[in-house]
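Participant: Below you'll find the structure I mean.
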Amino acid sequence: MDDWQDGIYRELKNAGVRQVAYVPDAGHSKLIEACRGDGEMKAIPLTTEMEGPAVLAGAWLGGEKGVLLMQSSGVGNCPNMIATAVTCRFPLLMLVTMRGEHGEFNPWQLPMGGAAGPMLEQMGTRVFRAETPESVAETVRAAAGIAFEGLMPVAVLLAQKLIGTKTFGK
Amino acid sequence: MNERANDYPIRRRELAAAIMADNPDALFIAGLGATAWDLTAAGDRPTTFPLWGAMGGAAAMGLGLALAQPERRVIVVTGDGEQLMGLGALATVAVQRPANLAIVVFDNESYGETGMQATHTAAGVDLAGVARAAGFPLVRTAATPEDARAALPDIRAGRGPVFAAFKVRAEVLPFALPPKDGAWLKDRFRRALLGPAAVGET
């Protein structure tokens, strides 16, 4: 069955994305598997999100487009590297699955859930938000266009509502 | 201060010049601070991208570049302080195994930008050991000019990813600053590598 993760995958393909840097996250798990199975894409698992903007800057220097997949908590690991994208006008497309909002059970996720969007904006990132499955693909398409044509950091915040409430069995 | 490194025989600018001369066609990423000045002193090139910031990001940037340009040699030259900030990236590089990437660390056991305070390598942290443990297939170390010369062929052509750590003298040298405008450096690099269309020129 087609769902919003398939929509993201299609938009990344249409945009010509070749490098997919990520720190695993449940919300991105299906997309990551799709990218890992794609012979045209290089799936690049990271040890920290901070590596992502640097990898993608190198990709752009070499003529390839990339995307960074992460969770809202990972946004906190990135600002100094996002600054490089701003300074050098590198494109930087980030897809952020949100925690710390709708139905969050883990209080430790609340601070970055609240700060991810404002922090990205503070760093000069254009921030979009997708709340419904129907809006995801279109939002990613618009974000990719601004990132790669406008040469700037752009993030799509994928609302926790899309992913469902994480419970750890509680 | 770390006085031991004041007497190391390898001189960083001679080493940078030797690596640049040995690799006229390679793509270079230079880590912020002294290694960027070293590569500039050896001759500023359009296909060198010198970092003025993004500390800890040089190896990861080299990885993205090496994956995008698998037919070109990509050489990251950075310092011990910079690499210590990005140790995880060594694991990320090793997992990707880009055969065309070499990461070279000039290890003077000091933070040169901020007053030559000791880095962890002064206390014995072994960057080559970290790279080896991460899974780099080819790791070289050098503490003498002879060993440094012997490592050059692997930097140039070893089946990578290659990691090479050189103990270099802790010395404060005259600035040799590369251009500072990051957007311009990026376009200069892409134009030289990919042609004028890559920067919107026709």
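Going down the list, the protein sequences come from chains A and B. Note that the first sequence ends on residue 170 in this note's numbering; no numbers are left out. Note that the second sequence ends on residue 1202 in this note's numbering; no numbers are left out. The beta-carbon is built from N, C-alpha and C at its ideal position, and this holds for glycine as well.
(1) For the alpha helix (DSSP H) that M1061(B) lies in, which residues bound it at each end?
(2) Whose C-beta lies closer than 8 Å to the C-beta of T1121(B) among residues of the same chain, with five residues either side of it excluded?
(3) What residues of chain A sit near F1189(B), judged by a beta carbon separation below 8 Å?
(4) With a CB to CB cut of under 6 Å and the five nearest residues on each side skipped, what residues in its chain are close to G1003(B)?
(5) Please classify A1089(B): does DSSP put it in a helix, a strand, or coil?
(6) Could you name the residues of chain B that K42(A) contacts, counting a contact when the two beta carbons are closer than 7 Å?
(7) For A1148(B), which of A1068(B), R1012(B), L1032(B) has the nearest alpha-carbon?
(8) Determine the chain B residues that contact L92(A) at a beta-carbon separation under 7 Å, and present them in chain order.
(9) Report the option in G1056(B), A1036(B), D1154(B), A1054(B) whose CA atom is closest to the CA atom of T1048(B).
(10) Unbroken alpha helix (DSSP H) runs of length 4 or more, entirely within the segment 72–150 of chain A: which are they?
(11) Within 7 Å of any Cβ in chain B, is that where the Cβ of C78(A) sits?
(12) Does M1(A) pass the burial test, meaning 16 or more other C-beta atoms within 10 Å, or should it be called exposed?
(13) Does any residue of chain A have a CB that is nearer than 7 Å to the CB of T1035(B)?
(14) Could you pull out every residue in the same chain whose Cβ sits closer than 7 Å to the Cβ of A1017(B), ignoring the five residues on either side in sequence?
(15) Check the C-beta distance from E1082(B) over to G1124(B) and give it rounded, since I have them as a contact under 8 Å.
(16) Taking only the alpha-carbon atoms, compute the straight-line gap between R1072(B) and A59(A) and give it to the nearest angstrom.
(17) My guess is that G66(A) and A21(A) are in contact by the Cβ rule of under 8 Å, so how many angstroms apart are they, rounded?
(18) Quick one: list the residues of chain B neighbouring L46(A), beta-carbon separation under 7 Å, in chain order.
(19) Please compile the residues from chain B whose C-beta is within a distance smaller than 9 Å of the C-beta of A57(A).
(20) State the Cα-Cα distance for the pair H203(A) and L1185(B), rounded to the nearest angstrom.
(21) Considering only their Cβ atoms, is the gap separating V1104(B) from V1074(B) smaller than 7 Å?
(22) Count the other C-beta atoms from every protein chain shown that fall within 10 angstroms of the C-beta of K1180(B), then say buried if there are 16 or more, exposed otherwise.
(23) Return the residues of the segment 1106–1139 of chain B that lie within a Cβ-Cβ distance of less than 9 Å from chain A, sorted by chain order.
(24) Just mark N106(A) as buried or exposed, buried being the case when its beta carbon has 16 or more other beta carbons within 10 Å.
Facilitator: Here's the rundown:
(1) 1058–1068
(2) If we look at T1121(B) and ignore the five residues flanking it on each side, its Cβ neighbours are D1080, L1084, D1107, E1109, L1127.
(3) L61
(4) In the sequence as presented, Gly is not what sits at residue 1003(B); that position holds Glu. None.
(5) Correct three-state label for A1089(B): helix.
(6) The contacting residues are L1067.
(7) R1012(B)
(8) Neighbours of L92(A) on chain B: none; closest Cβ ~12 Å, over 7 Å.
(9) If we check each option's Cα against that of T1048(B), A1036(B) comes out closest.
(10) 72–75, 79–88, 110–122, 133–150
(11) no
(12) Confidence in M1(A) is poor, its pLDDT being 41 and thus under 50, which makes the residue's placement too unreliable to answer from.
(13) no
(14) A1042
(15) In fact, because the Cβ distance is near 19 Å, the residues do not count as touching under 8 Å.
(16) 13 Å
(17) 6 Å
(18) T1092
(19) F1049, A1054, G1057, A1060, M1061, G1064, L1065, K1186
(20) Absent from the structure is residue 203(A), since the part of chain A shown begins at 1 and ends at 170.
(21) no
(22) Classification of K1180(B): exposed, given that the 10 Å Cβ count is below 16.
(23) Per Cβ criterion, the list is empty.
(24) exposed
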